[in-house]
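Novice: Could you have a look at this structure, given as structure tokens, before my questions?
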Amino acid sequence: MNNKQHQTQQLAERLDKAAITATATPQLSQDYPEINLSQAYQIQQASIARRLSRKEKLVGVKMGFTSRAKMVQMGVEDLIWGQLTDSMQLVEGGMLNMQHYVHPRIEPEIAFRLKTSLKGKVSLTEAMAAVDGIAPALEIIDSRYANFKFSLTDVVADNSSSSAFVLGPWCSPGENIANQAMILNINGRAKEVGSSSAILGNPYRSLVEAARLAGESGLCLEAGWTVLAGAATAAQALPANSHIQLKTSGLGDVHLYTS
Ligand code: OOG
Ligand code: MG
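For what it's worth, full-length UniProt numbering labels the leading residue of the sequence shown as 1, then goes sequentially.
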């Protein structure tokens, strides 16, 4: 193992431990300004390998910064992606234990379920043909960095803040997803109101980008996987002892409780 590979493993361990212990860690870019995007994805990959060695299973990928609202909120302009494992999935209407997270936030999203694999450059039509279900989804993001502040390489190394997700009922992909109203309610109050069209104009475009970006790292989106298209609005801080609901105009709702 050369020095860079050793550093990649060490930083993956640092981020993995920060996640497991729900303790914030300083931004990697402050200590190691030389880390580039390619090494950041290698750190992400190494942190996922640690999860897989603990018997977690890869179940999909998530896209980030696919809406203007998210780019503006976090000050990052590039599309990013991260990986989802089975242990991150919560049951619909389930309870999230806030003590397992540093400073979790909640996002209103759309999820795709794939019936066939997608790798590399695919057309919009090919991406649509690979989907056998679409669902409203809540993503819980939790940056492992202090104050939820990071650079592009920091957030990529940190698996794009992935921490948990909840899927609502699967609908047929024939439903119109390009112009769904998305209302994020916290304790019965609308905290974010947006449209699925905020996600790259059409959430299916996010699936095209997911296949392309994962393909650049040699990863194929597999049949049966879930792909989260990215938040349609800015994220909201997740309060304790609360009821969270995403209401959509035509895809149904998804719920979560926090302790
Ligand atoms: C990065 C993850 C962004 C989304 O839906 O845009 C993301 C972050 O904001 O911490 O999940
Ligand atoms: Mg998200």
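Just so you know, even glycine gets a beta-carbon here, dropped at the ideal spot from N, CA and C.
Is any heavy atom of the ligand MG found at a distance shorter than 8 Å from the C-beta of G133?
Specialist: Checking every heavy atom of the ligand MG against the Cβ of G133, none is found closer than 8 Å.
Novice: If you draw a straight line from the C-alpha of E222 to the C-alpha of L58, how long is it?
Specialist: Computed Cα separation, rounded: 10 Å.
Novice: Check whether the Cβ atoms of N176 and Q245 sit closer than 9 Å, and answer yes or no.
Specialist: Against a cut-off of 9 Å, the Cβ pair of Q245 and N176 comes out as no contact.
Novice: Leaving out the 5 sequence neighbours to the left and right, which residues in its chain are closer than 8 Å to D16 when beta-carbon positions are compared?
Specialist: S47, R50, R51, listed in sequence order.
Novice: Tell me the rounded alpha-carbon separation between F112 and W170.
Specialist: Those two C-alpha atoms are separated by around 9 Å.
Novice: Does any heavy atom of the ligand OOG sit closer than 8 Å to the C-beta of G218?
Specialist: Not under cutoff, so the answer is no.
Novice: Measuring from the CB of S160, is there a heavy atom of the ligand OOG at a distance below 8 Å?
Specialist: Answer for S160: yes, Cβ within range of the ligand OOG.
Novice: For G174 and A164, I'd like the C-alpha separation in whole angstroms.
Specialist: Between G174 and A164, the C-alpha separation is close to 27 Å.
Novice: Are three or more beta carbon pairs between the stretch 146 to 160 and the stretch 217 to 232 nearer than 8 Å?
Specialist: These segments do not touch.
Novice: Does the contact criterion of 3 or more C-beta pairs under 8 Å hold for the stretch 228 to 235 versus the stretch 103 to 112?
Specialist: Verdict: yes, contact present.
Novice: Return yes when the Cβ of N202 is within less than 9 Å of the Cβ of A234, no when it is not.
Specialist: No, Cβ-Cβ distance for A234 and N202 is not below 9 Å.
Novice: Is M1 helix, strand or coil when you go by DSSP?
Specialist: Of the three classes helix, strand and coil, the one that applies to M1 here is coil, per DSSP.
Novice: Given this structure, state the Cα-to-Cα distance separating V122 from S172, to the nearest angstrom.
Specialist: Using only the alpha carbons, I get a separation of about 21 Å.
Novice: Have a look at S162 and Y145 and give me their C-alpha separation to the nearest angstrom.
Specialist: S162 and Y145: Cα-Cα distance of roughly 13 Å.
Novice: Please look up how many angstroms separate the CB atoms of A210 and K119, rounded, as I've assumed it's under 8 Å.
Specialist: 11 Å between Cβ atoms; not a contact.
Novice: Residues in its own chain within less than 7 Å of A18 by CB, not counting five upstream and five downstream?
Specialist: Same-chain partners within the cutoff: A24, T25, R144.
Novice: Is it the case that the CB of I231 approaches a heavy atom of the ligand MG more closely than 8 Å?
Specialist: For the record, residue 231 in the displayed sequence is Ala; it is not Ile. True, at least one ligand heavy atom lies under 8 Å from that Cβ.
Novice: For N159, which option in D31, M1, Q42, N3 has the closest C-alpha, if you only look at C-alpha atoms?
Specialist: Nearest of D31, M1, Q42, N3 to N159, Cα basis: Q42.
Novice: Starting from the C-beta of I199, find all residues in its chain whose C-beta is less than 6 Å away, skip the five residues before and the five after it, and write them out in chain order.
Specialist: Excluding residues within five positions, the ones whose Cβ falls inside 6 Å are T66, S67, S206, A229, G230, A232.
Novice: Compute every distance between the C-beta of G64 and the non-hydrogen atoms of the ligand MG, then say whether any falls below 8 Å.
Specialist: Yes - the ligand MG has a heavy atom lying nearer than 8 Å to the Cβ of G64.
Novice: Just tell me which of G168, R105, S195, A40 has its CA closest to the CA of G133.
Specialist: Minimum Cα distance to G133 is reached at G168.
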